[in-house]
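Here's the structure we're looking at; comments come further down.
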Amino acid sequence: MTPAVSDHYDLIVVGAGSGGYVAAIRAAQLGMTVGIVEERYWGGVCLNTGCVPSKALLRNAEIASIVTQQSATFGIAGDFSLDYSRAVSRSREVADARVRGVHFLMRKNNITEIDGHGHFTGPHSLQVDLREGSTRLVTFDHAVVATGSRVRMLPGVVLSDNIVTYE
């Protein structure tokens, strides 16, 4: 493991979901130096695996329904097939575009993005275990914890082909 790199920020935000990245942007707009730490989903679950990709899939389903069930109303006739893997790919493309937008906003507002898992080591310090294996020590004057939530399985229930989570 390589030695830790150290940085200081007016504000550190732990979690880059909808609450965290908006807080980071606003703080930067108010003149603070801001760092933001995210372990997995830049933009949060909503952008990556929840709201956005599911709405994209619903739009595909809506169009498929119109074509299959209402085509005669519009004078449309012919064979129709649905490529489900393409629909899923499109939902990923839509979500990925929104995530790129979050990264753009971080750059535009001079917010330092830190990819990794952060844990507080003191009232004004955070150690981040970076994705690439090293650690980074971050000190700060203020912190926002915006880590969101995780799926909690019921006791005795295990994942299977019939029981799934958003991941």
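Add 68 to a position in the sequence shown, counting from 1, and you land on the number used in my numbering.
Note that CB positions come from ideal geometry on N, CA and C, so glycine has one too.
Count the other C-beta atoms from every protein chain shown that fall within 10 angstroms of the C-beta of residue 161, then say buried if there are 16 or more, exposed otherwise. With fewer than 16 other CB atoms across the displayed protein chains lying within 10 angstroms of its CB, residue 161 is exposed.
Please name the residue in 88, 224, 163, 109 whose C-alpha comes closest to that of residue 102. That would be 88, whose Cα lies nearest to the Cα of residue 102.
Tell me which residues share the same chain as residue 107 and place their Cβ nearer than 7 angstroms to its Cβ, disregarding the 5 neighbours each side in the sequence. 184, 185.
Please state the DSSP three-state secondary structure of residue 206. Correct three-state label for residue 206: strand.
Three or more C-beta pairs below 8 angstroms linking the segment 115-133 and the segment 154-171: Taking 8 angstroms as the limit for Cβ pairs, the verdict is that the segment 154-171 does touch the segment 115-133.
Write down the C-beta distance between residue 91 and residue 179 rounded to the nearest angstrom, noting that I regard them as a contact closer than 8 angstroms. That pair is no contact at about 10 angstroms.
Environment of residue 94 [buried if 16+ CB atoms lie within 10 Å]: Under the 10 Å beta carbon count, residue 94 is surrounded by fewer than 16 other beta carbons and is classified as exposed.
Residue span of the alpha helix (DSSP H) that contains residue 164, given as start and end: Note, residue 164: alpha helix (DSSP H), 152-176.
If you follow the beta strand (DSSP E) that residue 181 is part of, which residue opens it and which one closes it? Its beta strand (DSSP E) spans residues 180-190.
So what does DSSP say about residue 144, is it helix, strand or coil? In this structure, residue 144 counts as coil in the three-state DSSP scheme.
Run through the DSSP bridge pairs and tell me what residue 125 is partnered with. For residue 125, which the question treats as bridged, DSSP gives no partner whatsoever.
CB-CB under 6 angstroms to residue 105, same chain, minus the five flanking residues each way: which ones, in chain order? Same-chain partners within the cutoff: 82, 182, 186, 196.
Start and end residues, alpha helix (DSSP H) containing residue 115: Note, residue 115: alpha helix (DSSP H), 112-116.
Inter-stretch contact (C-beta, 8 angstroms, three-pair minimum) for the segment 210-217 and the segment 123-139: Contact between the segment 210-217 and the segment 123-139 is absent, because fewer than three Cβ pairs lie under 8 angstroms.
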